[in-house]
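**Q** Take the sequence shown: its letters are residues 5 to 461, numbered as in the numbering used here.
We put the CB at the ideal spot given by N, CA and C, even for glycine.
Treat the numbers as computed from the prediction; the structure is a model and nothing was measured.
Sharing a structure, written as structure tokens. Questions coming.
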Amino acid sequence: MNTIPFTIRETKEGLLAKKFSAVELVDEYLSRIEKNKDLNAFLTISDEVAYKKAKELESNLEDLPLLGTVVAHKDLFLTEGVRTTAASKVLESYVPAYSSTVVERMEKAGAIMIGKTNCDAWAHGASGENSDFSPTKNPWNKKHVPGGSSSGSAASVAAGLSLVATGTDTGGSIREPANFCGVVGFKPTYGAVSRYGVIAMSSSLDSIGSFGHTVEDVETIFNVVKGPDGFDSTVTNGQSLITNRKFRIGIPKEYFIDGLDREVEKSVLTASQVFKDNGIELVDISLPNTKYAIDVYYIVQPAEVSSNLGRYDGIRYGNGRDLFGAEAKRRIMLGTYVLSAGYYDAYYLKAQKVRSLLIQDFDNVFEKVDAIIAPVSPTPAFKLEEKAADPLQMYLADIFTVSANLVGIPGLAVPSGFNSENLPLGFQLMAPRFCESTLFELGKLYQKSVSYVPKLP
Ligand code: GLN
């Protein structure tokens with residue numbers, strides 16, 4: 005096969021028209037993975053599982069929503085019989101006995117799992133460099149990071165090693181790597197997709213989403229995986245009341261600050277203009293508590309991390325706690341500190357109060373606008389090792405993404421071109437809780453207006 009499609013729809017149509025077979029698709033993706041080994045995007049290749057699924061699909065070609073969609077799962081998603089490590093030596097040889105809801109629903113819908121992707125260990129990070137199994141590299145420039153923590157998933161889609169990929173976004177870990185790698189990344193509303201069988205990072209912030217080349221593809225995946233499964237009590241069939249008025253998009257002044265890369269800024273404003281040219285009103289808005297978002301996130305998140313990582317005691321499964329890396333240890337200590345008697349009120353409780361103020365900021369703004377447009381990260385993909393030694397600098401990479409998690413709203417990162425160094429640029433859209441349809445509509449409108457054509461590095 006010399007060309008394989010860039011979208012779920014074309015893959016499905018090609019298979020149904022017998023232009024190519026599912027086994028040929030698997031052959032092609034596996035050979036690309038082999039050729040791109042230096043990216044270190046995968047921790048485990050599930051070739052046997054992939055061929056088995058491909059043959060099963062071919063023996064009874066049905067019009068399934070994800071027919072033949074080759075997917076790579078972040079190594080935080082439990083996969084029955086296939087090693088799942090969270091990119092940590094603690095779980096280096098852990099083989100789960102069941103699959104997460106998302107993995108199972110995608111499989112039933114016709115997806116083919118090709119492997120498990122590299123990430124920051126336990127999803128702690130913004131560059132992929134916290135993986136215990138070496139960093140992933142950015143497919144557009146191997147001296148740069150792909151973003152994190154879902155580093156391998158973003159790199160895999162960008163380099164064409166899988167058609168789509170799954171990820172988790174606790175503070176930006178889907179949107180930021182999507183932005184750094186030039187692909188679409190989607191974080192749903194908190195509670196729209198089950199977290200069952202996904203290794204927990206921070207339970208009030210984790211959301212389960214995906215990567216693809218088009219907005220239509222992440223929408224298709226969302227429609228397959230969303231909704232209650234009986235195993236995650238936060239999941240509802242939440243539906244927004246779709247407003248019929250003309251769309252308005254807000255531009256928050258707090259997201260265009262000193263330190264924002266000029267080319268990043270320009271690309272977001274250019275994208276806003278595309279919406280304006282489509283008759284959408286742009287409105288200047290203010291989210292005054294944005295300046296506290298990182299501080300709140302780095303109290304609430306480590307508090308929950310310290311509790312969630314308590315179960316890895318090396319007794320029931322996995323290796324001992326001595327194998328936790330520096331970043332996991334840092335978060336366990338920070339989290340334990342802010343939760344301990346005497347500090348709880350000063351840090352954790354205070355942070356939760358400011359979190360409520362952030363929620364109010366967004367609720368106020370969403371009275372006036374249907375969506376918000378903003379940069380994803382202050383800079384394009386930075387260089388490997390540029391921030392690795394300075395955790396504070398690394399934490400600041402999330403300055404524009406953590407609010408959506410603290411507030412629980414959906415976010416969509418959309419690629420919008422390249423900078424002068426040929427590194428990807430993009431923007432993000434955020435919408436009220438359960439207004440994913442607004443994001444999809446706007447994202448598709450953008451890709452259509454600019455006649456978006458995906459390409460491989
Ligand atoms: N970079 C952020 C962190 O390190 C976000 C991580 C995530 O979303 N999983 O906490």
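At a threshold of 8 Å, does T274 count as lining the ligand GLN (C-beta to nearest heavy atom)?
**A** Incorrect: T274 has no Cβ contact closer than 8 Å to the ligand GLN.
**Q** On the DSSP letters alone, give me the boundaries of the alpha helix (DSSP H) that M398 sits inside.
**A** First-last of the alpha helix (DSSP H) with M398: 395-400.
**Q** Take every Cβ of the stretch 274-292, pair it with every Cβ of the stretch 317-326, and state whether three or more of those distances are shorter than 8 Å.
**A** The answer is no - the stretch 317-326 does not touch the stretch 274-292, with fewer than three Cβ pairs under 8 Å.
**Q** With a 10 Å radius around its C-beta and 16 neighbouring C-beta atoms as the bar for buried, classify G283 as buried or exposed.
**A** By the 10 Å Cβ count, G283 comes out exposed.
**Q** Rounded to whole angstroms, what is the Cα-Cα separation between R531 and D221?
**A** Since the displayed the chain opens at 5 and closes at 461, residue 531 lies outside it and no answer follows.
**Q** Under 8 Å from any heavy atom of the ligand GLN, does the C-beta of Y399 make it?
**A** Yes; taking the cut-off as 8 Å, the Cβ of Y399 has a heavy atom of the ligand GLN nearer than that.
**Q** Using the Cβ count rule (16 or more neighbours within 10 Å means buried), how would you classify V457?
**A** Flag for V457 reads exposed.
**Q** Under the three-state reduction of DSSP, which class applies to I303: helix, strand or coil?
**A** In this structure, I303 counts as helix in the three-state DSSP scheme.
**Q** Identify, in the order they occur along the chain, each residue of the same chain with its Cβ nearer than 8 Å to the Cβ of E258, setting aside the five sequence neighbours on each side.
**A** Answer for E258: S290, L291, P292, T294, K295, listed in chain order.
**Q** Where E225 and A345 are concerned, what is the direct C-alpha to C-alpha distance, given to the nearest angstrom?
**A** In the sequence as displayed, the identity of residue 225 is Ile instead of Glu. So the two alpha carbons sit approximately 44 Å from each other.
**Q** Quick check on the burial criterion: 16 or more other C-beta atoms within 10 angstroms. Buried or exposed for S424?
**A** Counting Cβ neighbours within 10 Å, S424 comes out exposed, since fewer than 16 surround it.
**Q** Rounded to the nearest angstrom, how far is the Cβ of V272 from that of T383, given a contact under 8 Å?
**A** That pair is no contact at about 13 Å.
**Q** Where S1 and W126 are concerned, what is the direct C-alpha to C-alpha distance, given to the nearest angstrom?
**A** Nothing about residue 1 can be read from this structure; the chain reaches only from 5 to 461.
**Q** How do the stretch 93-102 and the stretch 69-77 stand: do at least 3 beta-carbon pairs fall below 8 Å, yes or no?
**A** Taking 8 Å as the limit for Cβ pairs, the verdict is that the stretch 69-77 does not touch the stretch 93-102.
**Q** Span of the alpha helix (DSSP H) holding F279?
**A** It spans 266-281 - the alpha helix (DSSP H) in which F279 sits, taken as one unbroken run.
**Q** Throw me the rounded Cβ distance for the L71 and G114 pair, which I believe falls under 8 Å.
**A** Right, the Cβ-Cβ distance comes to about 4 Å (below 8 Å), so this counts as a contact.
**Q** Which term fits L20, buried or exposed, when burial requires 16 or more other beta carbons within 10 angstroms of its beta carbon?
**A** Counting Cβ neighbours within 10 Å, L20 comes out exposed, since fewer than 16 surround it.
**Q** Just list the alpha helix (DSSP H) runs in the stretch 103-163, keeping only unbroken ones of 4 residues or longer that don't cross its boundaries, in chain order.
**A** For the stretch 103-163, whole alpha helix (DSSP H) runs of length 4 or above, ordered along the chain, are 105-112, 155-162.
**Q** So what does DSSP say about T224, is it helix, strand or coil?
**A** Reduced to three states, the DSSP call for T224 is helix.
**Q** Buried or exposed: where does S237 fall if 16 or more other Cβ atoms within 10 Å of its Cβ makes it buried?
**A** With fewer than 16 other Cβ atoms within 10 Å, it is exposed.
**Q** Which residue marks the beginning of the beta strand (DSSP E) containing A375, and which one marks its end?
**A** Residues 375-378.
**Q** Take every Cβ of the stretch 302-318, pair it with every Cβ of the stretch 202-215, and state whether three or more of those distances are shorter than 8 Å.
**A** A contact exists between the stretch 302-318 and the stretch 202-215.
**Q** Can you tell me where the beta strand (DSSP E) holding S211 begins and where it ends?
**A** 211-216 is the span of the beta strand (DSSP E), which, as asked, contains S211.
**Q** Rounded to the nearest angstrom, how far is the Cβ of F184 from that of A408, given a contact under 8 Å?
**A** Not quite, the Cβ-Cβ distance comes to about 17 Å (not below 8 Å), so this is no contact.
**Q** Can you give, in chain order, each stretch of the alpha helix (DSSP H) that sits fully within the stretch 380-435 and has at least 4 residues?
**A** Counting only runs of 4 or more, we get 395-400, 406-411.
**Q** If we count the other Cβ atoms within 10 Å of its Cβ and call it buried at 16 or more, is F190 buried or exposed?
**A** F190 should be labelled buried.
**Q** Using C-beta distances below 6 Å, list every residue in its chain close to V304, excluding the 5 sequence neighbours before and after it, in chain order.
**A** These residues qualify, in order along the chain: A355.
**Q** Taking the straight line between their C-alpha atoms, what separation do you get for E42 and S211?
**A** The question names Glu, but residue 42 in the sequence shown is Asp. The straight-line gap from Cα to Cα measures roughly 29 Å.
**Q** Excluding five sequence neighbours on each side, which residues of the same chain lie with their C-beta closer than 6 Å to the C-beta of A435?
**A** Result list for A435: A375, P414, T442, L443, in chain order.
**Q** Using a Cβ-based criterion (distance less than 8 Å to any ligand heavy atom), does V406 qualify as near the ligand GLN?
**A** Yes, Cβ of V406 sits closer than 8 Å to a heavy atom of the ligand GLN.
**Q** Whole angstroms is fine: what's the gap from I377's alpha carbon to D326's?
**A** Answer to the nearest angstrom: the Cα atoms are 43 Å apart.
**Q** Nearest CA to the CA of Y102: which residue from L167, I116, G85, A91?
**A** Comparing Cα positions, the closest option is G85.
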